[in-house]
Amino acid sequence: MESFPIINLKKLNGEERGITMEKIKDACENWGFFECVNHGISHELLDKVEKMTKEHYKKCMEERFKESIKNRGLDSVRSEVNDVDWESTFYLKHLPVSNISDVPDLEDDYRTLMKEFAREIEKLSEELLDLLCENLGLEKGYLKKVFYGSKSPTFGTKVSNYPPCPKPDLIKGLRAHTDAGGIILLFQDDKVSGLQLLKDGEWVDVPPVKHSIVVNLGDQLEVITNGKYKSVEHRVISQTDGEGRMSLASFYNPGSDSVIFPAPELIGKESEKEKKENYPKFVFEDYMKLYSAVKFQAKEPRFEAMKAMETTVANKVGPLATA
Numbered sequence: 001m002e003s004f005p006i007i008n009l010k011k012l013n014g015e016e017r018g019i020t021m022e023k024i025k026d027a028c029e030n031w032g033f034f035e036c037v038n039h040g041i042s043h044e045l046l047d048k049v050e051k052m053t054k055e056h057y058k059k060c061m062e063e064r065f066k067e068s069i070k071n072r073g074l075d076s077v078r079s080e081v082n083d084v085d086w087e088s089t090f091y092l093k094h095l096p097v098s099n100i101s102d103v104p105d106l107e108d109d110y111r112t113l114m115k116e117f118a119r120e121i122e123k124l125s126e127e128l129l130d131l132l133c134e135n136l137g138l139e140k141g142y143l144k145k146v147f148y149g150s151k152s153p154t155f156g157t158k159v160s161n162y163p164p165c166p167k168p169d170l171i172k173g174l175r176a177h178t179d180a181g182g183i184i185l186l187f188q189d190d191k192v193s194g195l196q197l198l199k200d201g202e203w204v205d206v207p208p209v210k211h212s213i214v215v216n217l218g219d220q221l222e223v224i225t226n227g228k229y230k231s232v233e234h235r236v237i238s239q240t241d242g243e244g245r246m247s248l249a250s251f252y253n254p255g256s257d258s259v260i261f262p263a264p265e266l267i268g269k270e271s272e273k274e275k276k277e278n279y280p281k282f283v284f285e286d287y288m289k290l291y292s293a294v295k296f297q298a299k300e301p302r303f304e305a306m307k308a309m310e311t312t313v314a315n316k317v318g319p320l321a322t323a
């Protein structure tokens, strides 16, 4: 099998721009994932984020997680568990309104650091969206505009730790799923692997690379590109050794009232025989309400359910501007 796509974004600024854009295009069309190096976020900042995230887990979350596992009897299960993830998490909301000041137990220095991290990830997310627009032949800023809705995109970070698991064959770190949203940027542990994606019927490891940012595409980009780019099923495998795996997944998603639908320009570029709008039109908030109940199930029924709601959407939002 071909190797996982690792893309040097610095090469976008030189004579290898065309080749690099082609690599991004291929990754989006055939993998739904790629890994960025030389992405512009300082290594010093990423090192601080990793250090303080691991310290926070040890100080504030590790004992709670162990107690939770013990109380649920998960440390001694004998058969596969399909309704639990072996992870310890908390969520930081950045847009439209930040909750960083309200999350309990965070040191002030860590709050300040995570605000800076969020600014850098937001900037990189928007740069990547414009690169996708360029490859798709959409006007610059199209995806950002769709995601903006009437107020702001929805943007937040899920901070996860995956502690060592005594039964990794029976309990997943995170069960297989596709991501509901737009573009997801992941800063993951560079020493402990575990993230896998499904490609051509096989689970493929996403390699841990120091200071890299892993990018994957969510369901909304599949809809907007009318299936040219697809969200891909992925999971986290539990590990038995070491101190566990750290993961910060930042979700740059449409605003709650954003109306999502296939870009007319992409449908128009297809031949008359292929010219078909395969995906529904819906309000992102409605999609998320459905997704929250069926996250670990196949995505196709979600799209079909949204198609059934299209008349409601049309009545709710009226005609949509496409430029």
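For what it's worth, full-length UniProt numbering labels the leading residue of the sequence shown as 1, then goes sequentially. Using N, Cα and C, we set each Cβ at its ideal position, and we do this for glycine too. Source: prediction; values computed, not measured.
Counting C-beta neighbours from all protein chains within 10 Å, is the total for alanine 321 16 or more, i.e. buried, or is it exposed? Position 321 of the sequence shown, counted from the first residue, corresponds to residue 321. In this predicted model, alanine 321 has a pLDDT of only 40, less than 50, meaning its place in the structure is not dependable; the value taken from the coordinates is given anyway. When all chains shown are included, alanine 321 counts as exposed.
Q) Three-state secondary structure (DSSP) at cysteine 165? A) Your numbering for residue 165 matches position 165 in the sequence shown. In the structure shown, cysteine 165 sits in coil (DSSP, three-state: anything other than H, G, I, E or B).
Exercise. With a threshold of 16 other CB atoms inside 10 Å of the CB of threonine 240, please say whether the residue is buried or exposed.
Key: For this step, residue 240 is matched to residue 240 along the sequence shown. Looking at its Cβ environment, which holds fewer than 16 other Cβ atoms inside 10 Å, threonine 240 is exposed.
Q) Are there 16 or more other CB atoms within 10 angstroms of the CB of proline 163, so buried, or fewer, so exposed? A) Taking the sequence shown and counting its residues from 1, the one referred to as residue 163 is at position 163. Proline 163 should be labelled buried.
**Study point:** Neighbourhood of histidine 43 by C-beta, 7 Å cutoff - its chain only, sequence neighbours within 5 removed
**Key:** Translated into the one-based positions of the sequence shown, residue 43 becomes position 43. So the list reads His211, once near-sequence residues are dropped.
Quiz item: Which residues bound the beta strand (DSSP E) around isoleucine 121?
Solution: Position 121 of the sequence shown, counted from the first residue, corresponds to residue 121. No beta strand (DSSP E) holds isoleucine 121; the alpha helix (DSSP H) holding it covers 108–136.
Self-check item: For proline 68, the three-state DSSP class (helix, strand or coil)
Solution: The count along the sequence shown starts at 1 and reaches residue 68 at position 68. Here the sequence assigns serine to residue 68, which means proline is not the residue at that position. Of the three classes helix, strand and coil, the one that applies to serine 68 here is helix, per DSSP.
Assigned exposure category for glutamate 35 - 16 Cβ within 10 Å defines buried: Position 35 of the sequence shown, counted from the first residue, corresponds to residue 35. Buried, by the Cβ-count rule.
Q) How is residue 332 classed by DSSP in three states: helix, strand or coil? A) In the structure as shown, the chain begins at 1 and stops at 323. Residue 332 is therefore absent and cannot be evaluated.
- Message: I'd like the span of the alpha helix (DSSP H) that includes valine 146, first residue to last.
- Response: Position 146 of the sequence shown holds residue 146. Residues 142–148.
- Report buried or exposed for glycine 14, applying the criterion of at least 16 other Cβ atoms within 10 angstroms of its Cβ. Against the sequence shown, residue 14 aligns to sequence position 14. It counts as exposed.
*Report the rounded CA-to-CA distance for glutamate 22 versus lysine 11, giving the unit in angstroms.*
Numbered from 1 along the sequence shown, position 22 holds the residue referred to as residue 22. Numbered from 1 along the sequence shown, position 11 holds the residue referred to as residue 11. Distance from the CA of glutamate 22 to the CA of lysine 11, rounded to the nearest whole angstrom, comes to 12 Å.
* Any alpha helix (DSSP H) of 4 or more consecutive residues that is wholly inside the region 195–269 -> With a minimum length of 4 residues, the continuous alpha helix (DSSP H) runs that stay inside the region 195–269 are 219–224 and 264–268.
**Prompt:** Can we say the region 246–266 touches the region 112–132, given the rule of at least three CB pairs closer than 8 Å?
**Reply:** yes
Member of Ile24, Cys28 and Pro5 whose CA lies at the smallest distance from the CA of threonine 225 | Counting from one through the sequence shown, the residue named residue 225 turns up at place 225. Among Ile24, Cys28 and Pro5, the Cα nearest to that of threonine 225 is on Cys28.
For leucine 174, which beta-bridge partners are listed by DSSP?
-> Locating residue 174 in the sequence shown gives position 174, counting from the first residue. Answer is Val236.
Query raised in the report: If you draw a straight line from the C-alpha of glycine 149 to the C-alpha of serine 231, how long is it?
Result: Sequence index remark: in the sequence shown, residue 149 carries index 149 (1-based). Sequence index remark: in the sequence shown, residue 231 carries index 231 (1-based). Cα to Cα, glycine 149 sits roughly 21 Å from serine 231.
Tell me whether lysine 158 sits in a helix, a strand or coil according to DSSP, three-state version. Sequence index remark: in the sequence shown, residue 158 carries index 158 (1-based). The three-state secondary structure of lysine 158, taken from DSSP, is strand.
- Message: So, at 6 Å on beta carbons, what are the nonlocal neighbours of leucine 106 in its own chain, with the 5 sequence-adjacent residues on each side left out?
- Response: Within the sequence shown, numbered from 1, the residue matching residue 106 stands at position 106. Once the five neighbours on either side are set aside, leucine 106 has no close Cβ partner at all.
Inset, instruction - Go ahead and label serine 3 buried or exposed: buried means 16 or more other beta carbons lie within 10 angstroms of its beta carbon, across all protein chains shown. - result: One-based indexing of the sequence shown puts residue 3 at position 3. So serine 3 ends up on the exposed side.
Inset, instruction - Measure how close the beta-carbons of tryptophan 86 and lysine 172 come, nearest whole angstrom, since I'm counting them as under 8 Å. - result: The sequence position of residue 86 within the sequence shown is 86, counting from 1. The sequence position of residue 172 within the sequence shown is 172, counting from 1. About 7 Å; that satisfies the 8 Å criterion.
Tell me, which residues are paired with asparagine 30 by DSSP? In the sequence shown, the residue the question calls residue 30 occupies position 30. Bridge partners of asparagine 30 according to DSSP: none are assigned.
How about proline 207 and isoleucine 6: do their beta carbons lie closer than 9 Å? Taking the sequence shown and counting its residues from 1, the one referred to as residue 207 is at position 207. Taking the sequence shown and counting its residues from 1, the one referred to as residue 6 is at position 6. Contact: yes.
Suppose you measure from the CA of isoleucine 69 to the CA of serine 76; what does that come to, to the nearest Å? Reading the sequence shown from its first residue, position 69 is the one you call residue 69. Reading the sequence shown from its first residue, position 76 is the one you call residue 76. Isoleucine 69 and serine 76: Cα-Cα distance of roughly 9 Å.
query: To the nearest angstrom, how far is it from the Cα of valine 259 to the Cα of valine 214?
result: By 1-based counting over the sequence shown, the position of residue 259 is 259. By 1-based counting over the sequence shown, the position of residue 214 is 214. Roughly 27 Å between the two C-alpha positions.
Counting C-beta neighbours from all protein chains within 10 Å, is the total for glycine 182 16 or more, i.e. buried, or is it exposed? For the purposes of this step, residue 182 is taken as residue 182 along the sequence shown, with counting starting at 1. Looking at its Cβ environment, which holds 16 or more other Cβ atoms inside 10 Å, glycine 182 is buried.
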